[in-house]
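Numbering (this note's numbering), first residue to last: 6 to 271.
So, in structure tokens, the structure goes:
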């Protein structure tokens, strides 16, 4: 179950099961509560689409103040639609949103590091080992999903930190839904190795076109690694259907911002 809540001006979604974990803070941010204008209205965290550096910096400060987290505790990477996973297993205090670290998932056992990814249709996913107190975040577009990034995050939890899959929870956040995500043969062919293909693709009336359910594809990857389905939490919010709440690259034809999704061990 997910619910909307608010910290100061920041409106965000939280997974109630993760909210019950008193050792972490998490938020699937909306686009509301920031300083940006026009196409980027208003809580935009990306400079790559044309927003001003002054507005983006103000948005980071607004977020940090709302959650009582220092700006330099936030840790984001250069997302490249791949499957590389960054593991932070030592103390780190460096805000690096402009540094060329090319990853699409981050895992940490370090308190005070707010790991985050930016989205505007791609799937944001939080992972939590509730026993060992380890957290992770993944960015899954169709390319990352085809590369099994969600499954690989679970593998890393198990191999690097000796986690028990029964102790891992996953929260699959707001993303473009199958109602709006029409794809072509290039995407279909890239995803052909996925299990349960018949569940994640729905034929379109147009030949060579399908509707793809990216959140479900990642949910099935996570479940396929042995995470109990009762430990996987999903939301029906489609970013493309709800552009008043979320940024959507597809619905807004690329002229939009990026919302932040972050999780931090206290």
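Every residue, glycine too, gets a C-beta built ideally from N, C-alpha and C.
- If you look at residue 220, you'll find it isn't in any beta strand (DSSP E); it sits in the alpha helix (DSSP H) that goes 219 to 229.
- Sequence-distant Cβ neighbours of residue 16 in its own chain, meaning closer than 7 Å and more than five residues away, are 9, 35, 37 and 38.
- Between residue 146 and residue 127, the alpha-carbon positions lie close to 5 Å from each other.
- In the DSSP assignment, residue 159 falls within the alpha helix (DSSP H) that extends over 154 to 166.
- Per DSSP, residue 63 is one residue of the alpha helix (DSSP H) stretching across 58 to 72.
- The stretch 181 to 190 and the stretch 129 to 137 do not touch, with fewer than 3 CB-CB distances between them shorter than 8 Å.
- When beta bridges are read from the DSSP output, residue 17 appears opposite 10 and 34.
- The Cβ atoms of residue 262 and residue 45 lie closer than 8 Å to each other.
- Secondary structure of residue 113 (DSSP, three-state): strand.
- In the three-state reduction of the DSSP assignment, residue 212 falls in the coil class, being assigned neither a helical nor a strand state.
- Secondary structure note for residue 75: it is in no beta strand (DSSP E), with a DSSP letter that is neither H nor E.
- Measuring C-alpha to C-alpha distances from residue 130 to each of 151, 254 and 110 identifies 110 as the nearest.
- Contact annotation: residue 221 and residue 204 have beta-carbon atoms nearer than 8 Å.
- When the Cα atoms are used, residue 247 and residue 124 turn out to be separated by approximately 14 Å.
- Residue 32 places its beta carbon 8 Å or farther from that of residue 251.
- Boundaries around residue 151 are those of the alpha helix (DSSP H), 147 to 151, since no beta strand (DSSP E) includes it.
- Boundaries of the alpha helix (DSSP H) harbouring residue 194: 190 to 195, taken from the DSSP string.
- With respect to the 8 Å criterion, residue 177 and residue 217 are not classified as neighbours on the basis of their beta carbons.
- According to the DSSP secondary-structure assignment, residue 40 is paired through a beta bridge with no residue.
- Linking residue 224 to residue 76 through their CA atoms gives a straight-line distance of about 31 Å.
- Of the residues assessed, residue 153 falls on the buried side of the cut-off, its CB having 16 or more other CB atoms within 10 angstroms.
- DSSP places residue 205 within a helical segment (H, G or I) once states are collapsed to three.
- By the neighbour-count criterion, in which a residue is buried when 16 or more other Cβ atoms sit within 10 angstroms of its Cβ, residue 244 is buried.
- Under the three-state reduction of DSSP, residue 108 is assigned to coil, being neither helix nor strand.
- Counting only residues of its own chain and dropping the five nearest sequence neighbours on each side, residue 228 has a CB closer than 7 Å to the CB of 234 and 237.
- Inter-residue distance for residue 112 and residue 88 is about 13 Å (C-alpha atoms, whole angstroms).
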